[in-house]
Amino acid sequence: MKIGRIARIVIGLAAALAVLAGVMEMRAREELARARQARDGSETDLALKHYSRALNWYVPGGAAETAAEDLLELGLARDRAGRAREATLALMRMRSGLYGARSFYLPRRDLIERAEPVLARLRAREKLGPEATEADTARQARVYLDLMRAPGRPAFWPALAASAGFLIWVVSALGFIFRFFGRENRVAWPWAAVWAAGFVLWLWGMKWA
Amino acid sequence: MKSPAPKSFFPGPVLVCLPFLVLYLITALPGLGWRDTPEFASTAWTLGIAHPAGFPTFNLATKVLTYLPLGSIPFRVTLAAALFGAAILFVLYGLIVRGSAIVGRDDPDDPGIRWAAAIAVTVFGLSGTLWTNSTEPEVYTLNTLLLGITLYCALRWSADGREAWLCAGGLIYGLAAGNHGSVAFYVPGFLVYVLLHSSSRVGRNLLLLLFFFLVGFSVYLYLPIRGSADPPLDFGHPVTLERFLMHITDRKDAADHFDGVRKGHYLARHTWLFLTETTPRLFWPLGLPLLLAGAVRVWRRDWPLLTALFWASLADVLFFIRWTSQPAAFLPAYFFTAFFCGLGLVWLVGRIEAPPWLKPTRAQAAGAALLVLVLAGGVWLVYPQQDRSATFLPGESFRSDYERMAPDAISLTGVQWFHQRAFQDVYRLRDDVTAISLADFTFPWFYSPITQARFPRVVVPAGDVNYQAGQGWFLKRFLEANLDRKRDIYWEPFDLKGGVFSRHLKPELDLLFKVTPRPVDRLSPEETRAALGRLREKIEREIATEGFYEAEELDVYYVLMLFQYAFYFSRHGQIGAAMATLRFLEDLYGPEGANRMLPADHAALNINMGLMLASEQRWGEAVPRFEAALDHARGNFRFWFGLGLSLMKTGRLAKARSALERAAGLAPYDPETRLYLGDVFRLQGDTARARAAYERAWHLAREPRTKMEIKERLGELGG
């Protein structure tokens, strides 16, 4: 494939992603507006639904992050007001929405770190009931907090190695084929070496991810 | 000095495919979908093991895109499907240009060929089949893309004989086999193609092909390696050779493979549907002549190619014929069809003599206008049906129950398993809940055996998980052990008809049940009303605000779950509630509602309704239910028996006799049929036949109570 054609494809893909990001941000803003309207009208369940949807359209630095901030505030406010069910739902949705948008980083970790202790305490209280002592509740909350902060699966670097290794060995195997079986006697062994390295990286990543 | 010829303009593949990539992306599902899509979202992110045959190529290829910080993880998996969908169009363009030599157009730079390719690609890009597949987290676009690349390699190899293309084709085909097992059925077609195009060195060609196929197929190393790493979603746990082979050959669903073909009457119905509904109506007037033109030209110049692709298309259609009403079915077959249509168009364009007054620039402008018209018109027509960007219901429908489970709950799941896995693995929602598939208990050899290491937060009792698994021996021990620890255990409405567990379940939350330590002897009317009310309220809310009726495949879940509720109420003596549930189900999906209940489900609804009406001795109402059920399955003993009994009770003796005789023919060793047949004869005054029927029933009966009943009848006859 000629360099010019590859460049056209790359530019085309970048343009498509830019359009997509714009559309997603618009949708996130619409959902955020609906959520705020519902929140101001004291329709908490409806607000939570639209905040979750806004989070689904995550674009770095966009309205989804504002929705997460709103959800945290809403959850903390409901907790202070003693409305445990709504507080739990708001904090849970914020946390899961941000986890659902993680990639090579976890967006707005700061918000999650503020929400998790509260969420753990609310859950502990739900489990033990109102008659439980503060110490018991704190102990149970610690269990839930540890659970929430336990590292997720798969492990980041091995998973990246598995997927990158896979792409490397497939592309380099094709490169090897077209060098080795091509009409011109071009050097093929570097492609074979990369193929082997990619294969090993893939196996390693799969084992440890 | 001659002036240079005007540079010809034609739309290249990037220009044609890019609008489709954007279209697919902006109409894609925002998050989770139905059926297998939450599973693929989960396995792509966690590098887990999906249902047979595991789909390693898809998981690995898609994993890369899940690192893109845009949208949710399931949306990124859909984004990969959209990208593969647009790439299919790119490859199709290349295939039509490359294949133009086969239909007698030898200059691939001829603008006419490019215009024909662009129009064919545009029409295929607008097809509901490709669009639907490109907007959900599914494997079929990657599958078709890999098949398209394989075909491209095959054409290049046969055109210039370079072994590199043969080897590359083998490698890609091996990867395709790692993406969807159904490509195994296309092997004869591709093999015949290679053999018939190998003018010499047949053995070497086959060896090279096999070697590079195995290189690609090595992607299946993923299964044992990932299985041994214990990923969150580990379907089948294929870590031993036996389990590995069972998984990649899909032994679990072996009975379903090609069952649309093996059951002759289904094949006829599905084929009729395929020809009249599935295949777009537009195809017949426009596509069919082009397909025939392309196929005839290819047959004359390269009949092995036509044979190979016909075989592959046939295998695809027959394998998926059961899903003929699904908008996403038959993508590879339609792709090959589009290829032939494109070649037909290339041939047609070559036959058209441009009039002298039509300058090349004007012809190009006309081509551009036509292309824009096709694209704009197609988008205007198809976009509203294909836009799924506001379809949040699949991700939200089961989430509310899941969120509201008690702390540290155990969730035993049926069809919601994939959704709950995605909630946990992708969204990290409720880390304290342990979600387990009921199938892990009942079919541990096909799924993953329950072990303490897999589920460290629950008590896994000692014992053989395989021992009487179908009867739930291990599951019972598991429930006892965890109920003793005061764990709340939720049970999806799944498999309750014959189950021994329904006595220990109570409706809880909107859709789920909760396991009770003691048997629930009789559900109170208040509890029944409350459960039904919650069900109705949830569904009516989703109808009013969430596009319940527009959601494809939601019926698969709700039909199943509402049936389970009806069985549950029936087993707990609440026949009225059971019938109300079935009527509700009928109103939702039967002729009065969405009218998309599958015939088998409709028959099940009618037979169960008939049986419940019969148990309430409402014989007159039961008769039409049994008759309707028989319209679907005339060979079902229970249907004939129910009809015969109901007819007898309503005094229609001749018809009752006929129905019971049919039942007796279908189940010759059933004593009850003989008993009621005897009753009919007796009521008709035919004492001799009545006696014979009673005596036959007496010989067949095993139950003392039945024997006593027959004896009484014989006594009443006297003599």
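In the order they appear, the protein sequences are chains G and S.
Numbered according to our numbering, the first sequence spans residues -11 to 197.
Numbered according to our numbering, the second sequence spans residues 134 to 852.
We treat Cβ as the ideally placed atom computed from N, Cα and C, and that holds for glycine.
Item	Value
Cβ distance (whole Å) where S:A797 is taken to contact S:R807 below 8 Å	7 Å
Contacting residues, own chain, Cβ-Cβ under 6 Å from S:T190 (five flanking each side not counted)	L308, G311, N312, V352
Under 9 Å (Cβ pairs) to chain S, residues found in the segment 35 to 46 of chain G	K37, S40, R41, L43, N44, W45, Y46
Bridge partners - G:L36, DSSP secondary structure assignment	The partner list for G:L36 (beta bridge, DSSP) is empty, contrary to what the question assumes.
Within 7 Å, strictly: CB atoms of S:G475 and S:A710	no
Presumed contact (8 Å Cβ cut-off) between G:A108 and G:A129, rounded CB distance	4 Å
Cβ shell of S:Y691 (< 8 Å), same chain only, five flanking positions each side left out	I672, L718, L721, Y722
Length of the line joining the Cα atoms of S:A445 and G:N173	36 Å
Cutoff 7 Å: S:L721 Cβ touching any chain G Cβ	no
C-alpha gap between S:V372 and S:R384, whole angstroms	16 Å
Cutoff 7 Å; reference S:L284; Cβ partners in own chain excluding five residues on either side	L228
Close beta carbons around S:E725, own chain, < 8 Å, minus the five adjacent residues each side	E719
Outcome for G:K(-10) when other beta-carbon atoms lying within 10 angstroms are tallied against a minimum of 16	exposed
beta-carbon S:D628 near the ligand HEM non-hydrogen atom, thresh 6 Å	The ligand HEM is absent from the structure shown, which contains no ligands of any kind.
Residues in the segment 137 to 153 of chain G having any Cβ partner in chain S nearer than 8 Å	A138, G140, R141, P142, A147, L148, A150, S151, A152
Proximity winner among S:T820, S:F153, S:T584, relative to S:V592 (alpha-carbon distances)	S:T584
Residue(s) in a DSSP beta bridge with S:L545	S:I569, S:W624
Buried versus exposed, by CB contacts within 10 Å (16 or more), S:P589	exposed
Whole-number beta carbon distance between S:A183 and S:F368, since they are thought to touch under 8 Å	6 Å
The segment 57 to 66 of chain G touching the segment 8 to 17 of chain G, judged by at least three CB pairs closer than 8 Å	no
Cβ-Cβ distance between S:G204 and S:P364 below 7 Å	no
Where S:D242 meets chain G, residues with beta-carbon distance less than 9 Å	Neighbours of S:D242 on chain G: none; closest Cβ ~14 Å, over 9 Å.
7 Å Cβ cutoff, G:L194 in contact with chain S	Looking at the sequence itself, residue 194 of chain G is Met, so the reference to Leu does not match. Chain S contact via Cβ: present.
Inter-residue Cα distance where the pair is S:W226 and S:T470	It should be pointed out that residue 226 of chain S corresponds to Tyr in this sequence rather than to Trp. Rounded to whole angstroms, S:Y226 to S:T470 spans 13 Å at the Cα level.
Selection from S:F681, S:H637, S:V230, S:A572 that minimises the alpha carbon distance to S:G145	S:V230
Any C-beta of chain S under 7 Å from that of G:S91	yes
Supposed close pair S:F627, S:V548 - CB separation, criterion 8 Å	7 Å
Cα-Cα separation between G:W157 and S:T411, rounded to whole angstroms	39 Å
Short Cβ contact (7 Å threshold) for G:G186 with G:G153	yes
Simplified DSSP assignment, three categories, for S:L638	strand
S:W752 to S:A699 span [Cα, whole Å]	20 Å
Where S:I485 falls: helix, strand or coil (DSSP)	coil
Collapsed DSSP secondary structure at S:D367 in the structure displayed	strand
Check whether S:A568 and S:Q553 have beta carbons under 7 Å apart	yes
Chain G within 7 Å of S:K788, Cβ atoms only	no
Test: S:L180 CB closer than 7 Å to a CB of chain G	yes
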